[in-house]
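Taking it in order: structure first as structure tokens, then the write-up.
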Amino acid sequence: MSNPAVLAAGVARRFGRRWVLRGIDLAIQPGQVVALTGRNGSGKTTLLRLIASILRPTRGEIQVFGFHTIREGASVRPLVGMLAHNAGIYDDLTAAENLVFALRMAGHSARRAPISEVLDRVGLTSFEFERVRGFSAGMRRRLGLARLLLRPPRLLLLDEPYASFDQDGIELVNEFAARIRDEGGAVILSTHDIGRAAVVADRRAHIADGLLGEQAIPGVPAAGGQP
Amino acid sequence: MNAEIQRVGAIVWKDLTAERRTKANFNSVVFLAGMILLLFGFAIGPGGEIIDAISGGVLWLTVLFSGVLSFNRSYEQELENGALEMLLLYPGDRRAIFVGKLLANLFFVLLVEVVMVPLAALLYDLPLWAHIGPLALVLVLGTIGFVTLGTFYAAMASRLRAREVMLPLLLFPMLVPLLVGAVQATGGILHGDLMGSTASWLKLLVVFDVIFFVAALLAFEHIIED
């Protein structure tokens, strides 16, 4: 049996004196899309950052496809892609240059990379050689998505993916999440918009008071069900 | 190894491309350096002997104050759009981020010095051209150590709230030994090495550079994580 895409055991994280997460247990299998919900400040983004190995848990541990996020962070990072609140792109580079930079940082050659095709896919063809400084929030998010399309991850982490996107952008996000799932990867989708997430999500995990509870999504058959 | 070199190159390219486009950092740092040199000139007043005695110190203090601005800016652009998190998420050794930032900052500070040192020579009537080779060596060795520590502490300060204030508070005390060596070597070159100690100061700078680089490289991954 293959390793779970994500296996979290007793994960807690404290910022200063405040415990944001107090003991998260979570198992996500390859081929699952999980919608992560919770109020503002409930710790959704913190959990995604912990899974991505950007943050260290104060207690507990997380494995991604069998790799420990702290001890084997270098093995985890190539498997994970994240679309965060801030797209993490550089204002003074052009759209194409941002993608070239991302490819080179990922250890790939940018020479034959399908940069134009990917920008076309996210609707930024005519902005390929324009500096990002003038982009709207939605365009920045599209560029962030283009970066993920260039190097599709096995574990896709989407933090508020529907924010700033128009309907076309939302469909792009859901298509991409479905593609990762169909190719045997896994997706965690942090959102307040459960209605939009229900199009692709199999399960819903709700964070409250630093703990996680599992809920079925109304009207959505549980593909994969409980781990 | 090739992939790590590629990552280092990508960081250098990105930082220098952004700076070349905006020139915001370079213009402000060169302006500040010019102002510091002018103000020291006014404060000291005309008097060849005093200028001779302290010109090495003035030169390095100017490098120090103006360099801090560029270190702050170096990580500011990573924080603006959450880019630092994305940097940490890329595969490979995170020390490539440090080495890339270090090389970009080194190029930048040396470029500022190319403008600043002739200006200092002009204002303080320093015998620059007679000692250009040895002086360049001191500047490069001193700047390597300075930029290594500056890049490291700027990464550490980037996680703090009052980072603009915290950076000099963290950095300046650590720079004291390097600064003493650089000032002594510069003074010896510009105004005569009566004690024959310049070579020893240069060796000390090399030792500091190596120690600072190795220590910063080993500690970087721990300080860059939140």
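From first to last, the protein sequence lines are chains G and U.
So in this note's numbering, spot 86 of the first sequence is number 81, and the numbers just go up one at a time.
So in this note's numbering, spot 12 of the second sequence is number 541, and the numbers just go up one at a time.
Here a beta-carbon is modelled for each residue, glycine too, at the ideal position from N, C-alpha and C.
Being a predicted model, the structure only gives us computed values, none of them experimental.
Query, Result
"What did DSSP end up calling E607 (chain U) once you bin it into helix, strand or coil?", "helix"
"How is G208 (chain G) classed by DSSP in three states: helix, strand or coil?", "strand"
"If you run the structure through DSSP and keep just helix, strand and coil, what is S271 (chain G)?", "Absent from the model: residue 271 (chain G). The displayed extent of chain G is -4 to 222, so no value can be given."
"Exposed or buried, W658 (chain U), counting other C-beta atoms within 10 Å across all chains shown (16 or more means buried)?", "exposed"
"With respect to the beta strand (DSSP E) encompassing L152 (chain G), which residues constitute its N-terminal and C-terminal limits?", "150 to 154"
"A79 (chain G) by DSSP, collapsed to three states: which one?", "coil"
"Exposed or buried, N531 (chain U), counting other C-beta atoms within 10 Å across all chains shown (16 or more means buried)?", "exposed"
"First and last residue of the alpha helix (DSSP H) that includes F555 (chain U)?", "553 to 573"
"Closer than 9 Å, CB to CB, is D738 (chain U) near chain G or not?", "no"
"Could you give the distance in angstroms between the alpha-carbon of D204 (chain G) and the alpha-carbon of V6 (chain G)?", "13 Å"
"Assuming V117 (chain G) contacts L152 (chain G) under a Cβ cut-off of 8 Å, what Cβ separation, rounded to an integer in Å, is found between them?", "Not confirmed; about 18 Å, so no contact."
"List, from N- to C-terminal side, the beta strand (DSSP E) runs of 3 residues or more that fit wholly inside the region 704 to 737 of chain U.", "none"
"Kindly indicate which three-state DSSP category E178 (chain G) falls into: helix, strand or coil?", "coil"
"Terminal residues of the continuous beta strand (DSSP E) containing V15 (chain G)?", "13 to 23"
"Strictly below 8 Å CB to CB, what residues from chain U border P73 (chain G)?", "P620"
"Nearest chain G C-beta to M615 (chain U) closer than 9 Å, yes or no?", "yes"
"As an exercise, report each continuous beta strand (DSSP E) stretch of at least 3 residues that is fully enclosed by the region 633 to 670 of chain U, in chain order.", "none"
"Exposed or buried, G11 (chain G), counting other C-beta atoms within 10 Å across all chains shown (16 or more means buried)?", "exposed"
"When you compare the CB positions of G585 (chain U) and A714 (chain U), do they come within less than 9 Å of one another, or not?", "yes"
"List the endpoints of the continuous alpha helix (DSSP H) containing T120 (chain G).", "Element bounds for T120 (chain G): n/a, residue is neither H nor E."
"Measure the alpha-carbon distance for L31 (chain G) versus A47 (chain G) and round it to whole angstroms.", "15 Å"
"Report the residue from U:G621, U:F742, U:S557, U:L588 whose alpha carbon sits nearest the alpha carbon of L632 (chain U).", "U:F742"
"Please report how far the alpha carbon of G33 (chain G) lies from the alpha carbon of N554 (chain U), in whole angstroms.", "41 Å"
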